Every structure is written in C-alpha cells, then in structure tokens.
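Just below is one structure, and these are the notes that go with it.
There are 2 protein chains.
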Amino acid sequence: MEIDRTTQADYLKALGHPTRIMILELLEREGHCVTNIGEKLNLKQSNISQHLGILRSRGILSLQRDGGLSIYCIKDPNALKILKMVRGS
Amino acid sequence: MEIDRTTQADYLKALGHPTRIMILELLEREGHCVTNIGEKLNLKQSNISQHLGILRSRGILSLQRDGGLSIYCIKDPNALKILKMVRGS
DNA sequence: CAGAAAAATTATTATATTCTAATAATTATA
DNA sequence: TATAATTATTAGAATATAATAATTTTTCTG
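This is the structure:
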C-alpha cells in the first residue's frame, strides 16, 4: 500500500516536539502510565494526555489498560531509530 | 557535542511538511534551481524559496550558485534515509 | 452505590506555521 | 548602465498547534 506525503508529514510532525521526544525516550526502556510520565517530565496531566494521544493516533505508541491505569508503550520501533538518526545528523 | 531536543524537534518539523518532502524527493537524484523546483511542483516561487530556506537552515540542503541560478542539493543524506524509514513504518 | 483516583476531553488563549502578494535584492546580458 | 531574469525577503491573513484550566468520563475500591 502507498503512504501519501501528508501522512508521512503528520508522522514526522508527531515526532517533532520536545515533549514528545522526551516521552519516547522515557518509554524506550519500558511502558509508563500517564500520571507517571507527567511526574517524570514535570508537566500537566492534560498536556501529557494530549501528546500521548497524538503519538498514539500516528501508530507510534500503543496503550494497554492495567487496572485503573493507562500504560503507554512504544509500538513503532522505527520512531526510536529515527530519533537516533536525527541525533547523528 | 550534545544536540538538544528542541533542535531535534526543529529538524523533524522541517521534514514534516508535504511540500518539503516533495522537494527532497525531487533533489534526491540531482540538484535543481528554485524556478525549476517551482515548476515541477507547480507552486509559487516565494513559497518554494521559503521552504528551501527552512530546509537549508536545518542543514538538510545546501545551496551553490551557478551563474544567476541558486542550485539546491541534498546536504544531509540522513534526511532521505529518515523519509524511507517513515514510508516503511 | 458513593467517593476517590486516573485519564480523556473540551474550551480558551497564546503562539507558530503557512500561503499569497508585493517588493527588494542580486546577477546576467544587451 | 539599463533591462530582464532569478531569487530572497517582507507583510498580512488564514490556519494549525500548544498549553492551561476546567470538566467529564472511566475505573477502582470501600
């Protein structure tokens, strides 16, 4: 299947935000819940939730519920590879 | 040297636009002048010039003058690799 | 079921991007 | 030097993104 340039751009835009980069770095080792991410990054809950939603909508993160928690994990390992390539540019 | 997340994000944002993706695809084979790019993509000159400026400011494109023309070329091959990875996500 | 905890959603405001049109700057050539 | 061709820059309006605060929804637990 063909992936159009708007979708490609949306994917890259999803990666192109400092907070979302921090989230991906944090999730690289293991999944975390929303509150946990917010505390580690010292950002508001709703803001984190919005960023997670963006990353999820692009297929970069997945979410699994664990009790009352929403655990977010890396779904697309390419995202991490891309970040590594950016650092090496 | 350490590359901060804002710079990483700016790099990814530069890649995250359909027109700029088209420009990179066009320049993959060989360099082109501004007018040429504008004609191939059927977009206004000033708009193209602005997009080229963004890509150049991030170190993704380089510019060499040839007579009256500004020839833009890929400077950072990583950008093309990243686009290929995005397509394969 | 009621209350608490976690997360998502909404509305609002502020900021950033993008495109167009117009103008300015640069270079080539007659 | 004047003119044309090429490119860059600027200003403005339209759209998109982002952060906050407030609210709602969902789920767990007593």
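Chains as they are written, first to last, in our numbering: chain A, 863 to 951; chain B, 863 to 951. All C-beta atoms in this analysis are idealised placements derived from N, C-alpha and C, irrespective of residue type, glycine included. No experiment lies behind these values; they were computed from the predicted model shown.
* Where the region 906 to 936 of chain B meets chain A: residues whose CB sits under 8 Å from a CB there -> Gly921
* Asked: Helix, strand or coil for Asp928 (chain A) per DSSP?
  -> strand
* With a 10 Å radius around its C-beta and 16 neighbouring C-beta atoms as the bar for buried, classify Gly878 (chain B) as buried or exposed. => buried
* What residues in the region 869 to 889 of chain A have a beta carbon less than 7 Å from any beta carbon of chain B? -> Gln870, Ala871, Tyr873, Leu874, Lys875, Leu877, Gly878, His879, Pro880, Ile883 and Met884
* Indicate whether at least one CB of chain B lies closer than 7 Å to the CB of Met863 (chain A). => no
* Alpha carbon to alpha carbon, what distance is there between Thr868 (chain A) and Pro880 (chain B)? -> 5 Å
* Rounded Cβ spacing between Gly900 (chain B) and Ile933 (chain B) (contact assumed at less than 8 Å) -> Not quite, the Cβ-Cβ distance comes to about 14 Å (not below 8 Å), so this is no contact.
* Nearest-angstrom Cα distance between Asp872 (chain A) and Leu917 (chain A)? -> As the crow flies, the alpha-carbon of Asp872 (chain A) is around 10 Å from that of Leu917 (chain A).
* To do: Could you pull the start and end residues of the alpha helix (DSSP H) that Lys875 (chain A) belongs to?
  => Arg867 to Leu877
* Taking only the alpha-carbon atoms, compute the straight-line gap between Pro939 (chain B) and Lys906 (chain A) and give it to the nearest angstrom. => 37 Å
* Check whether Ile936 (chain A) and Met947 (chain B) have beta carbons under 7 Å apart -> no
* Asked: Does the beta carbon of Val948 (chain A) sit closer than 7 Å to a beta carbon anywhere in chain B?
  -> Val948 (chain A) has a beta carbon lying within less than 7 Å of a beta carbon in chain B.
* Listing by chain order, which chain B residues have their CB less than 8 Å from the CB of Asn940 (chain A)? -> Taking a Cβ-Cβ threshold of 8 Å, the residues of chain B close to Asn940 (chain A) are Met947, Val948, Gly950 and Ser951, in chain order.
* Asked: What residue does the alpha helix (DSSP H) around Ile944 (chain B) start on, and which one ends it?
  -> Pro939 to Arg949
* Contact residues within the region 894 to 905 of chain B, judged by C-beta distance below 8 Å to chain A -> Flagged: no residues at all.
* According to DSSP, which residues form a beta bridge with His913 (chain A)? -> His913 (chain A) is not bridged to any residue.
* Reduced DSSP secondary structure (H/G/I, E/B, other) of Leu886 (chain B) -> Residue state, collapsed to three classes: helix.
* Asked: Is any beta-carbon of chain B found at less than 7 Å from that of Arg867 (chain A)?
  -> yes
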